[in-house]
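J.: Chains A and B, in that order, give the protein sequences.
Position 365, counted from 1, in the first sequence is what the numbering used here calls 365; the numbers after and before it change by one each time, with no gaps.
Position 318, counted from 1, in the second sequence is what the numbering used here calls 318; the numbers after and before it change by one each time, with no gaps.
Note that the Cβ used here is the ideal one computed from N, Cα and C, for glycine as well.
Source: prediction; values computed, not measured.
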Amino acid sequence: MMERVTIVASAASSSGFRLSRIMTIAWREFKHTVFTKGFIIGALAFPLVMFGLIGLMPLLLSDKPTPVTGTVVVADSDGAVAQAMAEAFRQYREPSPTAIATGSPFDEFDPDSLDAMGRGVVQVDISRVALDSDLAPIRSRVQEGSLLGLVEIPAGLLESNPSDDLEISLLVPSGSPTKTTALIERLAREATVVARVERSGGDLDATRALLRHPRSATARLNAEGNTAREDIKIRYFLPGAFMMLMWIAAFTSANQLLTTTIEEKSSKVIEVLLSAASPLELLAGKIAGQSLVSALMLSTYGVAGLSGLAMIAALDLVPISTLLLFIVWFVLAYLMVASIMTAIGSAVSDLREAQSLVQPAMIVMMVPLMLWLPISENPTGWLATVASFIPPCGPFVMVLRTTGAMEPIPEWQIAVALLVNAAATVGLVWAAARIFRVGVLMQGKPPTPRELIRWARAR
Amino acid sequence: MNLEPTLQDATLAVSLRGVGKRFGSVEAVKSLDLRVERGSLIGLLGPNGAGKSTAIRMIMSLIRPDCGELTVLGGDALDMKDRIGYLPEERGVYRRMRVGEFLIYIGRLKGLSKSEAALRVARWLERIELPGVLRSRCQELSKGMQQKVQFIAAVLHDPDLIVLDEPFSGLDPVNARILINAVRDLHREGRTILLSTHQMSQAEQLCDRVVLINRGEKILDANTQQVLSDFAPRAIEVEASDAAQLAAAHLGELPGVESTKEGSSPRSLVLCLSEGANPQDTMAHALSAIGCRRLEIARVSLDDVFIRLVTEHGGHARLEARGSA
């Protein structure tokens, strides 16, 4: 068996690794991914439009909604409900912190709520008729649209303990906007409650004051005796948004790496490329090029997201240190995912073959998404701590933790997670380079996982 | 074999000594020795699956040999990519890229500046008669046109060593002729060219030397003219004015003729000469015996040599190189 191999290297050998080649490959990869209709529409335009719409939502809601003007006829037993309803509409037009028209007579009015922002012109007159009068002509007027609606309040509803079978009846024209009918129905219910309290001799204002919900705040006390305020919005929304942003940016580019590598193999251009660049240069160039694509997406979405936070004056939720750490985690996550996808792309001949290898990898990479809620619930718990040390999920988990924790993550955990995930990244890039070197020239049936390991260990 | 003791011979562009490669149970290349002198044009011949492409891929450092010693331009091909042009057998283009953009991209990978690459692309497209395709997408070109584009990609950067794996396969005669001329010009300019083909006529036209590989083994390594001479049959072919005259002449009884066999036409006969017979004397006898329309010393083609060697040796026996190697 012959074993001796000598490949003489020149004195000026650079091990076939040249930066200019890598940059040339990277630029082609970037250009041919980004300057395509599919990418511009799918990866940039669509999300930007979505972000834009979310940003514009308050403005759209504050725009003039359909005015509510006209007359509502209230049929009740003694006129108390009609009177309370007229007052409710007045208060709805001029809200106050304890206004009746906020959903419940006992809830506080939030001037920043969407409900408050969405109010338009409301000019409603209340006309009262006796419950036992002939309501047929009124129903006809409702039908022809000359009245906003007819509200019938059964007498029993004003008793101190009304029957569950009784209900308010609202009759509106067929084309009446839902928002208008919902408002009339809501104010009719509130007015009935007010009338009922007044009939029982109770003091409505005193009752409101007694039943008003107090504000609350949670603060966590850590081992050093420091406290951190807990914000439920931060705890669930922000970490999820950061992780999804990282996941989408990393996977979009990694998927591109998979498909372009397969395309280069199937179109037979790979050997032409390998005559001009070493496998390692090709791999490095491709990964670098797609990292630029990823960075572009990240910055586009990131700027849009931060602009959204700035619009609601919540930019302080994302300190600069968190952003810097996020970039570090992103680099590690991208390199790990990109290595896995490129290795798979190099080992197969077409996308169909790739599916059998991509599926197990995807299941592993879906783990951070599945862990989102439990980790957001307890970012410093054992599950979050352990998961942050397991690549390739570690970087995603660390982003969930650092952006969602109400108290600082222990520094040693960040250091260990960085160390473990960085080591895993180096290992995966190394293995991907070895598999790529062998795989790109292979044709025929896709390799088994065992063969992939053998390629990675090949000399 | 007369290999130099060191592989670092300045006169050699490529040197292989005892190079072997195995894929599973298949021994694709068996202890191959090969020396390609600088400035030469060598044909690497062999039937399909002989191991030519594997040998070339090892020369290009695309795959590593299992054993042996290998140098390209005095070093490892991996470090010499800018000085080597390679047209692989498995070739392709980026289908959606424009021709000019694709060639400039390859040129830049080979160390050319963008402007220099653009200049050379325009020049080469004219040279191999592909004007007006600069802005066409590669997928819009015919297969033959794509092959010419790929040829440009291999030679754009003025390499010292050009390795062409089946460069003319699939081309129509007109386009094959254009590329043959281009290869010949590059050789005249002093480039070293290693050409793999199984089209013997083209190798015969182009190559200074031919190396024949069968079943991973080298079975011939010799100067092309020497091969043709060594394998030329000791025979004369006579074409008579009419067939009846040919039968009546009893040419088999002429001095120096050992036997006869059918010639290339119904009116021709091949006279096989006996050992020591002088072909000129036999030709003179033939001329006096019959009215000849054509009389010539029988020639051999590389095709004949190829078929004979591959058939005779079945790829198992190793024939020592004939002539100069």
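Please confirm if B:Gly-92 has its CB atom under 8 angstroms from at least one CB of chain A.
T.: Stepping through the second sequence from its first residue, residue 92 of chain B is reached at position 92. With 8 angstroms as the cut-off, B:Gly-92 counts as an interface residue toward chain A.
J.: Can you list the residues of chain B that A:Lys-445 reaches, using a CB-CB cut of under 9 angstroms?
T.: The sequence position of residue 445 of chain A within the first sequence is 445, counting from 1. None at all; the shortest Cβ gap to chain B is about 13 angstroms.
J.: Do we get a CB-CB distance below 8 angstroms when we pair A:Thr-448 with the residues of chain B?
T.: On the first sequence, residue 448 of chain A is found 448 positions in, with the first residue counted as 1. No, its Cβ sits nowhere closer than 8 angstroms to a Cβ of chain B.
J.: Enumerate, from N- to C-terminal direction, the unbroken alpha helix (DSSP H) stretches of 4 or more residues contained entirely within the segment 161-238 of chain B.
T.: 173-188, 200-206 and 224-231
J.: What did DSSP end up calling A:Gly-444 once you bin it into helix, strand or coil?
T.: As a working mapping, residue 444 of chain A is identified with position 444 in the first sequence. Coil.
J.: Residues of chain E with CB closer than 9 angstroms to the CB of B:Ala-153, please, in chain order.
T.: Any reference to chain E falls outside this structure, whose protein chains are A and B.
J.: Specify the secondary structure class of B:Lys-143 as computed by DSSP and reduced to three states.
T.: Working through the second sequence from its first residue, we reach residue 143 of chain B at position 143. Correct three-state label for B:Lys-143: helix.
J.: Under a Cβ-count criterion, where at least 16 other Cβ atoms within 10 Å of its own Cβ denotes burial, should A:Ser-307 be classed as buried or exposed?
T.: On the first sequence, position 307 is the one that residue 307 of chain A refers to. Exposed, since its Cβ has fewer than 16 Cβ neighbours within 10 Å.
J.: Anything in chain B within Cβ reach of A:Thr-24, meaning under 8 angstroms, just list it in chain order.
T.: Against the first sequence, residue 24 of chain A aligns to sequence position 24. The contacting residues are Tyr-105, Arg-108 and Leu-109.
J.: Just verifying my parser: in three-state terms, what is the DSSP assignment at A:Ile-344?
T.: On the first sequence, residue 344 of chain A is found 344 positions in, with the first residue counted as 1. A:Ile-344: helix per DSSP, three-state reduction.
J.: Hey, is A:Ser-267's beta-carbon within less than 8 angstroms of any beta-carbon in chain B?
T.: Numbered from its first residue, the first sequence carries residue 267 of chain A at position 267. Taking Cβ atoms only, chain B reaches closer than 8 angstroms to A:Ser-267, which makes this a yes.
J.: Ordered along the chain, which non-local residues of its own chain (more than five positions away) have a Cβ less than 6 angstroms from that of A:Gly-103?
T.: Sequence index remark: in the first sequence, residue 103 of chain A carries index 103 (1-based). Only weak support exists for where A:Gly-103 lies, its pLDDT of 47 falling under 50; the value from the coordinates is given anyway. Taking A:Gly-103 as the centre and dropping the five residues before and after it, the same chain places no C-beta closer than 6 angstroms to its C-beta.
J.: Taking 8 angstroms as the threshold (beta carbon to beta carbon), is B:Pro-167 in contact with chain A?
T.: Counted from its first residue, the second sequence places residue 167 of chain B at position 167. It does not: the Cβ of B:Pro-167 has no partner Cβ on chain A nearer than 8 angstroms.
J.: Quick one, are the C-beta atoms of A:Ser-346 and A:Ile-435 less than 8 angstroms apart?
T.: Walking along the first sequence from the start, residue 346 of chain A turns up at place 346. Walking along the first sequence from the start, residue 435 of chain A turns up at place 435. Cβ atoms of A:Ser-346 and A:Ile-435: closer than 8 angstroms.
J.: Skipping 5 residues on each side, what residues in its chain have a beta carbon closer than 8 angstroms to that of A:Glu-3?
T.: Counted from its first residue, the first sequence places residue 3 of chain A at position 3. Confidence in A:Glu-3 is poor, its pLDDT being 48 and thus under 50, which makes the residue's placement unreliable; the coordinate value appears in the next sentence. Counting only Cβ-Cβ distances below 8 angstroms, and skipping sequence neighbours, we find nothing.
J.: Would the beta-carbon of B:Lys-52 be found less than 7 angstroms away from any heavy atom of the ligand GTP?
T.: Inclusion of the ligand GTP in the displayed structure is not the case, the ligand content being empty and no account of it being possible.
J.: Among residues of its own chain, excluding the 5 on either side of A:Ala-361, which ones have a beta-carbon nearer than 8 angstroms to its beta-carbon?
T.: In the first sequence, the residue the question calls residue 361 of chain A occupies position 361. Closer than 8 angstroms at the Cβ level, and outside the excluded window around A:Ala-361, lie Ile-340, Met-341 and Ile-344.
J.: Give a yes or no on whether the C-beta atoms belonging to A:Val-272 and B:Arg-91 are separated by under 8 angstroms.
T.: Within the first sequence, the letter at position 272 stands for residue 272 of chain A. Within the second sequence, the letter at position 91 stands for residue 91 of chain B. Yes, Cβ-Cβ distance for A:Val-272 and B:Arg-91 is below 8 angstroms.
J.: Flag A:Arg-401 as yes if its beta-carbon sits less than 8 angstroms from any beta-carbon of chain B, otherwise no.
T.: For the purposes of this step, residue 401 of chain A is taken as residue 401 along the first sequence, with counting starting at 1. Not one chain B Cβ lies under 8 angstroms of A:Arg-401.
J.: Please name the residue, chosen from A:Asp-350, A:Ile-168 and A:Gln-355, that lies closest to A:Met-442 on a Cα-to-Cα basis.
T.: Looking up residue 442 of chain A in the first sequence gives position 442. Ranking A:Asp-350, A:Ile-168 and A:Gln-355 by Cα distance to A:Met-442 puts A:Asp-350 first.
J.: Nearest-angstrom Cα distance between A:Gly-444 and A:Leu-325?
T.: The residue you call residue 444 of chain A lines up with position 444 of the first sequence. The residue you call residue 325 of chain A lines up with position 325 of the first sequence. Approximately 43 angstroms between the Cα atoms of the pair.
J.: Chain B beta carbons: is any one of them nearer than 8 angstroms to that of A:Leu-441?
T.: As a first step, residue 441 of chain A must be located in the first sequence, where it is residue number 441. True, the Cβ-Cβ gap to chain B drops below 8 angstroms.
J.: Do we get a CB-CB distance below 8 angstroms when we pair B:Ile-42 with the residues of chain A?
T.: Here residue 42 of chain B is taken as the residue at index 42 of the second sequence, counted from 1. Put simply, the CB of B:Ile-42 is far from chain A, with every gap to its CB atoms at 8 angstroms or more.
J.: Pull the bridge partners of B:Ala-249 from the DSSP assignment, please.
T.: Counting from 1 along the second sequence, the entry for residue 249 of chain B is found at position 249. B:Ala-249 is not bridged to any residue.
J.: Run the CB neighbour count on A:Asp-112, radius 10 Å, all protein chains shown included, and call it buried at 16 or more, exposed below.
T.: Stepping through the first sequence from its first residue, residue 112 of chain A is reached at position 112. Unreliable positioning characterises A:Asp-112 in this predicted model, as indicated by a pLDDT of 45, which lies under 50. The coordinate reading is nonetheless provided below. Result: exposed.
J.: Can you have a look at A:Trp-372 and say buried or exposed, based on whether 16 or more other CB atoms are within 10 angstroms of its CB?
T.: In the first sequence, residue 372 of chain A corresponds to position 372, counting from 1. Under this definition A:Trp-372 is a buried residue.
J.: List, in chain order, every chain A residue whose beta-carbon is nearer than 7 angstroms to that of B:Arg-184.
T.: Counting from 1 along the second sequence, the entry for residue 184 of chain B is found at position 184. Those within 7 angstroms of B:Arg-184 in chain A number zero; the least Cβ separation is about 22 angstroms.
J.: Output yes if chain A places a C-beta closer than 8 angstroms to the C-beta of B:Met-60; else output no.
T.: Reading the second sequence from its first residue, position 60 is the one you call residue 60 of chain B. Yes, B:Met-60 counts as interfacial toward chain A.
J.: Would you kindly check if the distance between the Cβ of B:Arg-35 and the Cβ of B:Ser-330 is under 8 angstroms?
T.: Any property of residue 330 of chain B remains undetermined from this structure, which presents chain B solely from 1 to 325.
J.: Starting from the C-beta of B:Leu-134, find all residues in its chain whose C-beta is less than 8 angstroms away, skip the five residues before and the five after it, and write them out in chain order.
T.: In the second sequence, residue 134 of chain B corresponds to position 134, counting from 1. Hits under 8 angstroms: Arg-98, Val-99, Gly-100, Val-121, Ala-122 and Leu-125.
J.: Can you name, in chain order, every residue of its own chain whose Cβ lies under 6 angstroms from the Cβ of B:Lys-110, other than the five neighbours on each side?
T.: Here residue 110 of chain B is taken as the residue at index 110 of the second sequence, counted from 1. Result list for B:Lys-110: Asp-82 and His-157, in chain order.
J.: Going by DSSP, what residue range makes up the alpha helix (DSSP H) through A:Asp-76?
T.: For the purposes of this step, residue 76 of chain A is taken as residue 76 along the first sequence, with counting starting at 1. Taken as a continuous stretch (DSSP letters only), A:Asp-76 belongs to no alpha helix (DSSP H), being part of the beta strand (DSSP E) at 68-76.
J.: Taking only runs that begin and end inside the segment 383-456 of chain A, name each unbroken beta strand (DSSP E) of 3 or more residues, in chain order.
T.: none
J.: Can you tell me whether DSSP reads B:Glu-89 as helix, strand or coil?
T.: Along the second sequence, one-based indexing puts residue 89 of chain B at 89. Note: B:Glu-89 maps to coil in three-state DSSP.
J.: Do we get a CB-CB distance below 8 angstroms when we pair B:Gln-336 with the residues of chain A?
T.: Nothing about residue 336 of chain B can be reported from this structure: the residues present for chain B run from 1 to 325 only.
J.: How long is the line joining the alpha carbons of A:Ile-168 and A:Ile-327, rounded to whole angstroms?
T.: Numbered from its first residue, the first sequence carries residue 168 of chain A at position 168. Numbered from its first residue, the first sequence carries residue 327 of chain A at position 327. Going by the C-alpha atoms only, they are around 58 angstroms apart.
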